[in-house]
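Colleague: Quick note, in this note's numbering, the sequence shown goes up one by one and the last residue is 1394.
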Amino acid sequence: MNHLASKATLLGLGLLAAASTANAQTADRKTAIGLHANATQYRGDLGNQFWKWDNMPYSGGLDVTQYIGRWLDLRLDLDYTRLRFPQDGSVGAGPRFKAQMYQAGLGFKLKLPVKDEFFLHPYLLVEPQFSWVLADRYATPTAANNFTRFGSFGGHVGGGLDFHLGQSATFYAQVTQAYLQTNDARLDGVANNPPATTFWDKKDRYLQFTAGVRANLGKAKDEDMDGVSDKKDKCPGTPTGVKVDLNGCPIDTDGDGVADYQDKCPDVKGLAALQGCPDA
């Protein structure tokens, strides 16, 4: 586990380095790739561990996000997820289980339509998912392991926050509630009583807490190569090598309306007819 955590840390640092020259994910840079860590809390027939923070099982995964518009992103998640009861993995007086899940999900990230440049983006996530589950179930503390493996569709519903770290990386944190669309007994060894007939009847669910970092791919179009994308450039066509402000317009130090690169007297207000120099 420590070896896995070390690899995750190195990959996270690599993503931050790759993001050092990128902006927040926008229409200019539509694709982002990220690394995240997960922690889970089970609630089902065996008990309720929701909002209990001690000894949560940790895991992680990769995600790819595609910008669609100010309201919407598509998101692909590939995860290795661990789930268990009791949460600390101890051998108690009753039944217990532990599960490993290999998961792939493709969902919709519904964003509050704030400006792309704003540092904080709240969102809702609705993500259908397929899980391949390996579960060890124990009916009593001394019972033999009842191992099962199965595939199941399911999904996540929840929300989160994207924090754009200046002009580089994006950090995000989210919480979702997840379920498997399968017979409840397959996960923890105990069936619903009475049997579940709707989504809301299903007892076996889990909360998943996720935190991660992502780097944005691609490069914004910048015809005049001044470092300001064409979409934001108020002075397109600036000559190569000319210093510009955040709007892409040439710097005018003395504020006389003559850009420094054309101003013969750049530190003194002057007249355009005299190439930026005052009338003697």
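Backbone N, C-alpha and C define an ideal beta-carbon position, used for all residues, glycine too. On a predicted model such as this, the values are computed, not experimentally measured, just so you know.
Consult DSSP for L1388 and reduce its assignment to one of helix, strand or coil.
Modeller: Helix at L1388.
Colleague: Bridge partners for G1326 per DSSP, in chain order?
Modeller: H1150, Y1286.
Colleague: Determine which residues share a DSSP beta bridge with L1239 and list them.
Modeller: K1223, G1272
Colleague: Does DSSP put L1234 in a helix, in a strand, or in coil?
Modeller: strand
Colleague: Checking 8 angstroms against the spacing of the C-beta atoms, do R1198 and P1171 come in under that value?
Modeller: yes
Colleague: Let me know if E1337 comes out buried or exposed under the rule of 16 or more other beta-carbons within 10 Å of its beta-carbon.
Modeller: Counting of Cβ neighbours within 10 angstroms places E1337 among the exposed residues, the total staying below 16.
Colleague: Run through the DSSP bridge pairs and tell me what A1249 is partnered with.
Modeller: A1213, T1262
Colleague: Shortest alpha-carbon distance to G1303 belongs to which of G1221, K1223, A1325, K1212?
Modeller: K1212
Colleague: Enumerate in chain order the residues of its own chain whose CB-to-CB distance from D1193 is below 6 angstroms, with the five nearest sequence positions on each side excluded.
Modeller: Closer than 6 angstroms at Cβ, skipping near neighbours: G1175, Q1217.
Colleague: Please name the residue in R1157, T1179, G1183 whose C-alpha comes closest to that of K1229.
Modeller: G1183
Colleague: Can at least three beta-carbon pairs, one atom from the stretch 1161 to 1170 and one from the stretch 1235 to 1248, be found at a separation below 8 angstroms?
Modeller: no
Colleague: Under the rule that 16 or more other beta-carbon atoms within 10 Å means buried, what is A1287, buried or exposed?
Modeller: exposed
Colleague: In chain order, what residues of the same chain lie with their CB nearer than 7 angstroms to the CB of T1354, ignoring the 5 residues before and after it?
Modeller: M1339
Colleague: Do you know how far the Cα of Q1180 is from the Cα of G1390?
Modeller: C-alpha of G1390 to C-alpha of Q1180: approximately 48 angstroms in a straight line.
Colleague: By a C-beta neighbour count over all protein chains shown, 10 Å radius and 16 as the cutoff for buried, is R1143 buried or exposed?
Modeller: buried
Colleague: Could you check what DSSP says for A1083 in three-state terms: helix, strand or coil?
Modeller: Absent from the structure is residue 1083, since the part of the chain shown begins at 1115 and ends at 1394.
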